[in-house]
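Under my numbering, the sequence shown has 366 at position 366, and the numbering climbs by one with no breaks.
Structure record follows, encoded as structure tokens.
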Amino acid sequence: MTQTTSSEVGARVRAAVRGRVWQPDDDGYDDARRVWNGAVDRRPAVVVRCADAEDVRTALLVARECDAPLSVRGGGHDWAGRALGDGAVVLDLSALRDVQVDPRAGVAVAQGGALVADVVDPAAAHGLGTATAVVRTVGMAGMTLAGGYGGLAGRFGLALDNLISADVLLPDGTRVVAGPDGDPELFWALRGGGANFGIVTAARYRLHPLGPVLGGMVLFPQQQAVQVLRGYRDLIAMAPDELTVMAGFVAGPTGEAAVFLAPTWSGDPVAGDTVLAPFLRLGTVVAGGIGPLPYGDLIRMFEQGARPGQHYTLGTRWLPTLSDHAIQVLAEAASTWSSASSLLALHHFHGAATRVAPDATAFALRSEHLLAEVIAAWPGGDPTPHRAWVERVTDALAPGALPGGYPNILGPDDAERARLAFGANADRLLAAKRRYDPDGVLTAIASLPT
Ligand SMILES: Cc1cc2nc3c(=O)[nH]c(=O)nc-3n(C[C@H](O)[C@H](O)[C@H](O)COP(=O)(O)OP(=O)(O)OC[C@H]3O[C@@H](n4cnc5c(N)ncnc54)[C@H](O)[C@@H]3O)c2cc1C
1 MTQTTSSEVG ARVRAAVRGR VWQPDDDGYD DARRVWNGAV DRRPAVVVRC
51 ADAEDVRTAL LVARECDAPL SVRGGGHDWA GRALGDGAVV LDLSALRDVQ
101 VDPRAGVAVA QGGALVADVV DPAAAHGLGT ATAVVRTVGM AGMTLAGGYG
151 GLAGRFGLAL DNLISADVLL PDGTRVVAGP DGDPELFWAL RGGGANFGIV
201 TAARYRLHPL GPVLGGMVLF PQQQAVQVLR GYRDLIAMAP DELTVMAGFV
251 AGPTGEAAVF LAPTWSGDPV AGDTVLAPFL RLGTVVAGGI GPLPYGDLIR
301 MFEQGARPGQ HYTLGTRWLP TLSDHAIQVL AEAASTWSSA SSLLALHHFH
351 GAATRVAPDA TAFALRSEHL LAEVIAAWPG GDPTPHRAWV ERVTDALAPG
401 ALPGGYPNIL GPDDAERARL AFGANADRLL AAKRRYDPDG VLTAIASLPT
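Have a look at this one:
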């Protein structure tokens with residue numbers, strides 16, 4: 001086969017699709033290839049902002065005919081930039097954000113490029129909600145396909161537990177419905193196996209009655225880290241489903257590291273104050289507050305600390321519990337971080353999320369745990385000290401950690417940890433990869449070894 005050059009691929013895509021197209025010499029190319037992590041600097045052959053699902057298929061088929069690498073961009077929040085491939089045809093879904101809510105059926109149908117807020121806000125207009133990430137601008141599909149931790153995990157499970165079905169375009173251009181009434185094996189694999197099998201052009205989410213929640217973030221002095229986190233450990237061990245509490249470290253009002261607790265109470269508003277009071281007594285609250293607010297406002301909370309365009313690198317561990325060792329490691333990490341914009345976060349996995357059988361979806365870890373995120377953020381420049389800090393902290397958290405790690409956050413070189421993350425589901429998942437993407441066209445999050 002004659003090798004098609006990047007510019008020929010771009011020209012063929014441009015001629016075939018209805019959406020906007022950027023090649024390296026086009027005005028706006030640099031904007032089109034920008035993702036959340038400013039450290040990602042990939043140069044795709046062409047970025048196609050698909051106008052509809054048919055455009056996605058057309059661009060996919062042209063890329064395949066040209067034997068060109070392919071990547072899919074949803075919300076662009078993967079820290080490792082897997083939405084963009086060097087020299088690739090990027091199927092950019094960011095114009096496909098329509099969401100239709102059927103309040104009677106309790107279902108939201110979201111196009112493949114919809115963001116978390118695109119689902120949360122129209123659902124809230126009907127007094128409904130679903131499990132999502134804690135930041136509004138994260139891509140709903142990208143987040144769901146590998147998990148979806150958030151403040152409603154105890155009550156409604158992971159985001160992927162609320163996926164009813166999805167319209168999927170397979171790498172050979174076939175359209176299928178992944179779901180109990182469509183292809184159940186693809187549905188199983190999609191829920192945890194990430195974007196490895198096909199492109200989700202529409203996803204149906206189960207909605208639940210959800211009024212305003214009680215939540216927010218409170219900060220305690222770094223000197224009280226050990227007592228606050230030990231108390232947090234004891235309190236969340238008894239948390240009802242309606243209460244999911246994040247914790248970690250951020251820069252406080254003085255610029256020094258501070259411990260944070262960020263609860264989401266989605267139960268009876270009257271009972272909420274009583275449930276949350278013991279958390280506020282764990283130390284001296286130096287900033288922040290907790291109050292009633294719409295869930296959609298609560299998830300604005302972390303936007304300040306996760307601004308797009310900064311440079312980021314991430315590490316992660318799954319902790320079965322918050323041991324004294326882990327508390328020491330985190331407290332020391334916050335005192336030695338390489339930049340004051342950095343962040344340490346613990347996502348709380350319990351309740352409804354644990355009552356799903358480990359083999360019911362590809363996401364295998366269903367025991368109670370904390371997802372630790374080690375996030376270095378800096379304005380730009382030399383990444384070396386920041387990478388070293390993340391590696392040091394992630395390594396120090398390894399003793400006592402569970403095998404694997406959250407596939408949405410594992411790095412491109414973490415294939416072995418991704419395999420461990422899927423535990424007894426790994427072989428079935430790899431068989432699904434061979435079946436649905438035999439040529440390995442979609443190298444995605446949770447990079448599955450082929
Ligand atoms: C600020 C921030 C906050 C976060 N908070 C949370 C959180 O609270 N809980 C949590 O669980 N995770 C969280 N994450 C992780 C996040 O869920 C993952 O990074 C997720 O992959 C982002 O999806 P995206 O569509 O925005 O990213 P992208 O970079 O666009 O895509 C990520 C991957 O998914 C693929 N993809 C995207 N859309 C589709 C689609 N429609 N069909 C097929 N493949 C697709 C892409 O090809 C890529 O491989 C957070 C990340 C950030 C940066």
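Just so it is clear, CB atoms sit at the ideal spot from N, CA and C, and this is done for glycine as well.
Of the other Cβ atoms in all chains shown, fewer than 16 fall within 10 Å of the Cβ of Ser335; this residue is therefore exposed.
Annotation: the region 222-287 contains the following complete segments of the beta strand (DSSP E) (minimum length 3 residues), in chain order: 243-251 and 257-265. Rounded to whole angstroms, Phe279 and Ile375 show a C-alpha spacing of 24 Å. Nearest Cα to Ala225 within the set Tyr312, Val119, Ala333 and Gly267: Ala333. In this structure, the alpha-carbon of Tyr205 lies about 38 Å from that of Ala257. Here Pro209 is exposed. Its C-beta has fewer than 16 other C-beta atoms within 10 Å. Contact holds between the region 34-51 and the region 78-94, because three or more Cβ pairs, one in each stretch, are under 8 Å apart. According to the DSSP secondary-structure assignment, Ser71 is paired through a beta bridge with Val90. Residue pairing by DSSP places Ile164 opposite no residue, since no beta bridge is assigned to it. Taking 8 Å as the cut-off, the beta carbon of Ala108 is found closer than this to the beta carbon of Ala123. Cα atoms of Glu368 and His348: separation of roughly 8 Å, rounded to the nearest angstrom.
Phe302 carries a coil assignment under DSSP once its states are collapsed to helix, strand and coil. Fewer than three Cβ pairs drawn from the region 56-67 and the region 420-434 lie within less than 8 Å of each other, which leaves the two stretches out of contact. Between the alpha carbons of Gly150 and Ala239 lies a distance of about 15 Å.
Separation of Ala117 and Val134 (C-alpha to C-alpha, rounded to the nearest whole angstrom) is 10 Å. Glu373: member of the beta strand (DSSP E) spanning His369 to Trp378, first to last residue. Here Pro292 carries a strand assignment [DSSP, helix/strand/coil]. The Cβ atoms of Ala352 and Phe156 sit closer than 8 Å to each other. Going by beta carbons, Val46 and Val9 fall inside the 8 Å limit.
The alpha-carbon separation between Leu370 and Thr4 amounts to approximately 47 Å. Out of Ala372, Val17 and Arg43, the CA that lies nearest to the CA of Asp26 is found in Arg43. His369 has its Cβ no nearer than 7 Å to any heavy atom of ligand 1.
In the three-state DSSP reduction, Phe197 falls in the coil class, being neither helix nor strand.
Secondary structure note for Trp389: its alpha helix (DSSP H) is the uninterrupted segment Thr384 to Leu397. In chain order, Gly147, Thr316, Trp318 and Leu371 place their CB closer than 7 Å to the CB of Tyr406, counting only its own chain and leaving out the 5 sequence neighbours on each side. A direct Cα-Cα distance of roughly 22 Å separates Met301 from Arg97. Set against 7 Å, the gap from the CB of Trp79 to the closest heavy atom of ligand 1 is smaller. With contacts defined as CB atoms closer than 8 Å, Leu397 and Ala345 fail to qualify as a contacting pair. Relative to the Cα of Ala153, the nearest Cα in the group Asp172, Arg355, Ala426 and Asp395 belongs to Arg355. Shown here for Gly215: same chain residues with a beta carbon closer than 6 Å to its own, the five before and five after excluded, namely Pro263, Thr264 and Leu298 in chain order.
In this structure, the alpha-carbon of Gly173 lies about 25 Å from that of Thr361. In this model, Ala388 and Ser339 are separated by some 12 Å (Cα to Cα). Annotation: Thr274 to Asp167 spans about 44 Å, alpha carbon to alpha carbon.
Collapsing the DSSP output to three states places Ala131 in coil. In the DSSP assignment, Asp102 falls within the beta strand (DSSP E) that extends over Val99 to Asp102.
Taking the Cα positions, Pro308 is about 25 Å away from Asn196.
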